[in-house]
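Below: one structure, written as structure tokens.
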Ligand SMILES: Cc1ncc(COP(=O)(O)O)c(C=O)c1O
Ligand SMILES: Cc1ncc(COP(=O)(O)O)c(C=O)c1O
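What follows is the structure, encoded as structure tokens:
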């Protein structure tokens, strides 16, 4: 067994030292009736060569951004990842380390987290960010729970523009608590309709996504005013954080919590995970925050160093009174994002966002001018938008597929009111020529 | 420019410090007439995304062991490489370091080289091995040069069984010196015919490959006796060193120098390079050896450490009197091989050799029993052998290719005397089923 | 280093660390490590397409560096970490085993790394097959009937499990309010129960460190929805009365949740599903070798008995049968499902690694893994028994727990021992957990460690015990060899500095 | 570390190194880090198919370890190295620039890494196109007419170049016997000439560090086959008289070989081919960013003017034209070729990296690269001029050379300075080369270094110069922070221990 060093001599010697007769004796405390009689019904060990072959064959059977032109986003975005990102996260000092509880021997991980926290604060316009959540969906759920703790209220308003899977997860998380979850409808133009009428004194928070699931930019100031008026918090969920390089930070617009998914920042699509949930808020709510926090301090000689801090919020200290049950988080994905943002930098990220916007605007223009296609929603967008197609969305996407294109998400289940529509995302990976091909395929025109 | 940190402000500040007006001034010493007038006729900078796309497209157009069943060896062998090998050589402390001239800050590289030297000694049965040569061919040439220095003779006997490219390289290297290069013919059975008649008192060395180019195991004792009788050295070239896990070490059989190619030990095929030349000899010849050597020593506190040593043989000290002009060698490939051998270990390597032998014997048996195919050479072999095919070798290989198989090397140019023959290699990557398909294709049978 | 009495201890020698400031302190306006293709569509100014006031001004908090500076920054940071690839990392309860390089390679194949969770199932067959097979493998290993891979980590698995238990009870019209949890339990257990609105009732362990039927009997009632039990428990002891305990809970309509964090000890030896466990989570990042990544990501699949199957999270991967043709599909139609826990399928990248691991070990390897993990823990216990107090001195499973009892008079604490171990070149064990052991040192070597490696580690701990008596100050002021000496955690909490700011003193 | 006056110098802080013995000392019979599929063909005993006495007994020199022990072994070893990714590595003449990660990624694509040199050209078109285009790019950059990629490193490139020069002369029935080489030349120059059977004649450099026409004139004769010249030379100076010198050599039928190791300084600025150079080599591992790999592999393509084209090594990559169709092929039919230098095409993996680099920089980036490299070298010279003696104090190109002249009375040598730099967290510059400078310190920062990085490095060198005067012993006994202190090279050479042996004291 290549992963296990023990030779038979080693085993003998160790059994002697322990003072037992054989390996079975080590399991003497397990009542005989609880021991597995035979072998597990699993195959025998496979060699490295065979395992690689088997997994390569399985991988071959998944379409991906290297085999198809890609316009599918809807919460997981196909962005280019510089090689340096994987080079750094492949440093085994990072990926084979545990949570940095022992600060003196974990400064590398700790400093990187502190850098991430700083970046998230800058992007969101808030004061404090944690060291990751499982994903955007659970981050949204944790934000709702946090708002309930802060306001001591139990009514949560979820915008229809929040990613349907996120909505599901929030409901699941709140399922065990006496909480009321209410929908805030989507307006004609693809933005959340005025929420003011729906917010009441029992409302803990209003949760809106920005840009929302349909790609529309929300009116955060309105949502914030409505929430504030009734003492509710405004939770803004972002699952395409690249947009924050151009958009005014939600924190500036009245958001009390900004959370979501940061996969766009150098984390591979990876069939949906591991991705990178994030959560930021205002200083005054820090003690109600879920998740780990890294803080700066000094060592016994006064030199700056970093440690996990404010742990009294966490399960390993507070147990049933903790702000969350999260323990293992998405540390390595946080590192990917930190390296990614460091590489792009202030200007690089902003330029990348401009490029994504330009691609989308080009695609929207082509859609507008193409017979059979239209834009069902008028709200402004960033790099994603709905396209109404002739016939069924399924058929339209099939046409695209025949041309080697994964054309977007079929919206018919998520938003029947839009008729046959496809949610299309254009990132820097989409070339003009590919966009033209997509438009042609969706319209059903011959190429 | 992502690889160059200078901002315009940096440049200004530095120019000031230097005391020159502009960048051009830095090149004032280059006479105007020697300055390039316009721009280089090269494309503009391409983004990382574009370069990756371009190189991926080029790579796609090369068949390789992941796209075809593989039976082509002839000096470069398709062996499975455990993932841990690349994980280790991807440590930038190894691959972004220079030659370990500054021992105190290069102990990692130095200890690994010392470990490699030890492994090569064990495999070859000799006392001292160097820290790599460019490849097996130049290693053979350096061995011939070394023999000429040792014997002060200038006649070199090259067995026809030496890889034709190696033979070319030896001739090229010796071209500038008053040296005589003579061929030693191949015997009927695929082994070098008795060399005794060809060795004379002017002969510096006899160079034989083992297993030879045709896969045949040579009779080293005979070659050694013949050389010794006239005071010539026996140089044994090995380009499938995996065979040494089963074969009696050439050093035990009278070889004075054993050199060749160690690509088989965890170095990717990589279209022929970088590969890993090696060279080992007896202690008494060490001062005539080419290439770097690492030795053990102690530091000022008596702790064991390693340094480059016996450098008085080398160009940076000896200049025109050096034993070779080699400077940069194949260091990182040496590391790959050291990691590879450490992973397989004593038993693993031997077992792997047995598997290669078993696959070859199975294939040879299938060839024998297949109408239209035969084994033109009777000599014993390891994992490679010639197969006589019906019609032209080219056509036979084309049939294999149609079945997704790279079937081996067309021998018609290298050994016309064999008629239409293909040099076939079977490693652990070749499954029984693939071997059966190959045999079928070479014989021209339908599958 | 000559004259430095602190050098060359344990398996370390003198050395140095490269300093490196924060990214923001290295930043210079105008630098970048990135490049983009020429824009092949018309430029668009956000102001022209967005409502007034939507566009942000400056982008604070992002640095500007060249690629070489970024790579050096993080390469240097990495050298400040301890890691499994550098040495023994005996964190109790964390199962810091070797993370095979093969797993890292296969997880990076474009067919996995560059595929999208929402692409049509027809274009995702390879992954769906892998997920389906992994579920079956985990079910077989654990003796459960069904498995969901969705939870992103153990704690989310606990949450999912408790939610299914709640759904199960509600389905029967019962509103149970309590969850029983032994005092040795990991913090996530009570936290997960509470997050589900349950009141947590702590059950005391017996003298012998394990749970006794009487204790459960006493606390059990129709109010109790479930008992959460970790087996082997966090003292490394097998819960010998598990079956009887399960009977007691079941007798009053409660269910038993099994925390599978310590499953490594039982692989191929004993199956929770055969011991009365109704639902449990797995930590792929512990038992199944996926890397811990400096805090994550992990993966916390949950296995259930058939009685809980209707409540599994959606979507569920199903193998097509009969005239549906071959292949796999995703089912959403489970009216009683607790719903979704993750935006996609969970931490899919970890499924791939765990699958590669299970295939690599095979049934015999998995059993060997448990045997060697238990052998290693017991061997360490034997080596350390004389130097350290062993609160529950009996044969252990995969880990052993020591206490600081014998150091009482030295003024040296468990924390000091931990920090001093760093000077010896070892990451410290888990400390001060489980809570019921005073100054606990919880040591889990895992099967990855060789006999010699264990001996060197034991020698270090024994040497430190001696130092604690002969030179306590040396231990109390440890670590001495690290780039930073002991860090002031109190200050960090009292005056939180949680991000860098241009002016910030930090 | 408090009380340790040697800690926290330069950009380093205290730290420790993990110790690690030799693989052989870790070995235990029966361990392995490898596995093989079940054999699917009949077992064969070598004794049954091979002549008696062909089979070896034991396999000494190979250790036995598990995968985790192997990975830890080499991971620990790696931490004992300095590297470009950890910091400035200012080795003069070696151009230790940043090695882009993109290059490493593309070189590992299976279409490159898993392809075979002898597969039919029809199945190798992607590579042949890349090789062809790289040859053209190098020709354009250097101003040469044709390029061969075959030489595995610079020294083999020199060998190839001199061979072509010999072939050229022999072709005209001339047997020239001498090669002129300036005294500043790198050791490989004379070694390569000698390996070709030429007598080497050293030419003295002028007072100003460059070669003067008179000196060449004086040594030039019909016996001289060639002059080998490095430009910029190893003092970092541009050979201003290069054109005149070339004329002198050409006038008597000789040819001029250009050592391109320092080409980084001229990219897009000046082309050797326009300065009278007839043949030159490139070091892809210097100028074109391929990693040095701890000593190699490198790649040393050679560019020639048309007059030497007939002698290029075979095979030659040719673009098909006309009715041959598209694509590329390999030509072998060059009767006057010097033949082969490599078993295959050379170090192909480096072609891929260099190609990716040239595409990434583009024409403007290449020029920027030369400009910043020269700017950096001159900036360092400006910063260091006061603290160190500058033997040839004039504007330099890509590197600058200092001497130990000012330290004469301190007893501190250049070697000591180099070792002390290690304590400051820097790899030392090239030392004692070029030979004509006493106690030379040859510093090449490359364009990869930022202004602040250069300042920190200059501060370190200045601080050390001061230490040399105020506390010479501290410098003489350096390094103090490394896992090993100064190593005894004399002992290593006097009592060579070149491999591990079971009994060996080493
Ligand atoms: C016993 C036990 N239960 C549960 C958990 C929580 O698992 P995770 O960290 O994957 O959320 C852990 C992890 O430390 C644990 O040790
Ligand atoms: C000036 C000069 N010439 C030639 C060489 C030899 O090149 P290589 O090491 O690639 O053989 C070097 C390398 O150090 C050099 O600096």
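Protein chains in written order, with this note's numbering: chain B, 1 to 447; chain H, 448 to 894; chain W, 895 to 1400; chain F, 1401 to 1906.
Backbone N, C-alpha and C define an ideal beta-carbon position, used for all residues, glycine too.
- Between residue 601(H) and residue 818(H), the alpha-carbon positions lie close to 48 Å from each other.
- Under a 10 Å Cβ-count criterion, residue 317(B) is classified as exposed, with fewer than 16 other Cβ atoms of the shown protein chains found around its own Cβ.
- Set against 6 Å, the gap from the CB of residue 1048(W) to the closest heavy atom of ligand 1 is smaller.
- Proximity to residue 1604(F) across 1633(F), 1623(F), 1597(F) and 1593(F) peaks at 1633(F), based on C-alpha coordinates.
- Relative to ligand 1, residue 1177(W) has its C-beta within less than 6 Å of a heavy atom.
- Inclusion of residue 987(W) in the 6 Å shell around ligand 1 follows from its C-beta lying nearer than that to a non-hydrogen atom of the ligand.
- Contact of residue 1432(F) with chain B by beta-carbon distance below 9 Å involves 1 and 2.
- Residue pairing of residue 656(H) in beta bridges, as defined by DSSP: 684(H).
- Less than 7 Å separates the beta-carbon of residue 1796(F) from that of residue 1778(F).
- Neighbours of residue 512(H) in chain F, taken as residues at a C-beta separation under 7 Å, are given in chain order as 1514.
- With a cut-off of 6 Å, the C-beta of residue 1602(F) is classified as distant from ligand 2, since no heavy atom of the ligand falls inside that distance.
- Under the Cβ criterion (8 Å, minimum of three pairs), the region 1137-1147 of chain W counts as touching the region 1164-1172 of chain W.
- When the five nearest sequence neighbours on each side are left out, the beta carbons in the same chain lying within less than 8 Å of the beta carbon of residue 1049(W) are those of 1082, 1085, 1086 and 1194, in order along the chain.
- Only residues of its own chain outside the window of five on either side were considered, and among them 1420, 1423, 1426 and 1465 have a CB closer than 8 Å to the CB of residue 1473(F), listed in chain order.
- The alpha-carbon of residue 1264(W) is positioned some 24 Å away from that of residue 49(B).
- Shown here, residue 868(H) sits in a strand according to DSSP, grouped into three states.
- Per DSSP, residue 1590(F) is one residue of the alpha helix (DSSP H) stretching across 1588-1595.
- Residue 102(B) is outside the set of residues whose beta carbon lies under 7 Å from a beta carbon in chain H.
- When secondary structure is reduced to three states using DSSP, residue 1180(W) falls in the coil class, being assigned neither helix nor strand.
- Contact annotation for residue 495(H) against chain B: 80, 82 and 83 [CB-CB distance below 8 Å, chain order].
- Spatial neighbours of residue 311(B) in its own chain (CB-CB distance under 7 Å, excluding positions within 5 residues in sequence) are listed in chain order as 317.
- When DSSP assignments are scanned along the region 1305-1376 of chain W, the uninterrupted stretches of beta strand (DSSP E) that are 3 or more residues long and fall wholly within it turn out to be 1335-1337.
- Nearest in C-alpha terms to residue 147(B), of all of 181(B), 193(B), 169(B) and 205(B), is 205(B).
- Contact between the region 232-249 of chain B and the region 53-67 of chain B is absent: fewer than three C-beta pairs spanning the two stretches fall below 8 Å.
- For residue 16(B), the distance from the CB to the nearest heavy atom of ligand 1 is not below 6 Å.
- Judged by their CB atoms, residue 721(H) and residue 1500(F) are not nearer to each other than the 7 Å cut-off.
- At least 7 Å separates the CB of residue 268(B) from every CB of chain F.
- The beta carbons of residue 78(B) and residue 429(B) sit about 5 Å from each other, so the pair counts as a contact at 8 Å.
- Contact between residue 290(B) and residue 265(B) does not hold, since the beta-carbon distance rounds to 21 Å and is not under 8 Å.
- Chain-order list of chain B residues neighbouring residue 537(H): 90, by C-beta distance under 7 Å.
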